[in-house]
Structure formats: structure tokens, C-alpha cells
Amino acid sequence: MRAEDAGRAQGRGDRPRACPSTPCRSGASVLGVTTGAGRLAYLPMPVFVDSAFEARLEASGRPESRYRFTGPCVEGECAQWTGARCGVIDHVLDDPPGPERAGAAGTALPGPFLPSCGIRADCRWFAQRGAAACAACPSIVTDVGGSATYRSTRP
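The numbering of the sequence shown is UniProt numbering, which starts it at 1 and goes up by one.
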């Protein structure tokens, strides 16, 4: 498979994988709302962002500090792309910030259920890391002070 096709899956046509942590911009969709505890509360279905909605969100400050957005994975055009995969979810699962998180790479969700998510079928992180990505996803914050980076609020 060519690198530029890495985001496409067999049976999905020419649709790219969905990035679960894209910046707010016209054409993206709201995946969820960040709670006071810093965790993502998923919307039942992503809500499309047009230019008027984007302007309203930005008028109240950095939208990424309050919402998580999804859009097509842009692969090599993204600073988080490692050449073959998304580095965000690999970093969160493989390089925990403290000794209490050692072994997080093998962590799956407790119980048999994944959180309700409107993009799982196309999600880049789920395609890469499965249920462990879903377990970490609600704790990943896209905006940390306006920088184009992320942090995890996982305990």
C-alpha cells in the first residue's frame, strides 16, 4: 500500500480515515464537548462546522479548549504524522507521563463496552490501536494553551 493511501481502508472507498483531534475549521465536525473534569463527552453524532459556526465558536476563545473536532486525517500534512501512522495515540498509549501509568499500552476499557462515538468506523486512532485508543480518547485534550499539541488527562 502506498503511504498516501495509508488512511484509506478496504471497503471504505476513497474516504480518508477520520482524525479525532483536528483543529476547529470550516468543514470539520464537533466530536464532543470537554467537561469541567477535562474529559470528552461525545455527541451522539458529530455536528458539522460551517464558517458561521466556526466564527461563533472562535468569538468565545479557543474552541479546541472547549470542544474536540474531527475531520479527515491529512496524514503527511499533519505535524503528528510519523510517516506511517498518527503519533498522538501511540505517544499517549506507549509513553505515559508518570510511573503510575506504566503499562498503559495494554490497557483496554473495563467491561465489554466501548464509549459511544460517531466516528469509530473511520477513526484513525481506533484503526491503529483498537479498544485501547477508545479508552484513552476521552482524556486527550487537543488544545493546551493555543498550541498545536495535545495532552492527556488520564489519571
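Quick reminder that beta carbons are idealized off the backbone N, C-alpha and C, glycines included.
The structure presented is a predicted model; accordingly, all values stated were derived computationally and were not measured.
For residue i, which of helix, strand or coil comes out of DSSP?
i, result
"CYS24", "coil"
"GLY87", "helix"
"VAL49", "coil"
"LEU31", "strand"
"SER139", "helix"
"LEU114", "coil"
"ARG68", "strand"
"ALA121", "coil"
"CYS134", "helix"
"PRO63", "helix"
"ALA127", "helix"
"ARG15", "coil"
"ALA55", "helix"
Hey, out of the options, whose CA is closest to residue i's CA?
i, options, result
"SER51", "ARG39, GLU64, CYS24, THR34", "CYS24"
"SER26", "LEU40, ALA41, THR35, THR70", "THR70"
"ARG85", "ARG129, LEU40, ASP14", "ARG129"
"ALA55", "ALA28, ARG120, ALA131, GLY36", "ALA28"
"LEU114", "ALA121, THR35, ALA131", "ALA131"
"GLY118", "ASP14, ALA41, THR35", "ALA41"
"THR35", "ASP14, ALA59, SER65, GLU58", "SER65"
Please state whether the Cβ-Cβ distance between residue i and residue j is less than 8 Å.
i, j, result
"TRP125", "PRO16", "no"
"TYR67", "VAL88", "no"
"PRO72", "ALA18", "yes"
"VAL141", "GLY38", "yes"
Inter-stretch contact at 8 Å, needing at least 3 Cβ pairs: the stretch 77 to 87 / the stretch 46 to 63: Inter-segment contact for the stretch 77 to 87 and the stretch 46 to 63 is absent: fewer than three beta-carbon pairs are separated by less than 8 Å.
Can at least three beta-carbon pairs, one atom from the stretch 88 to 97 and one from the stretch 126 to 140, be found at a separation below 8 Å? In short, these stretches touch, since the Cβ pair count reaches three.
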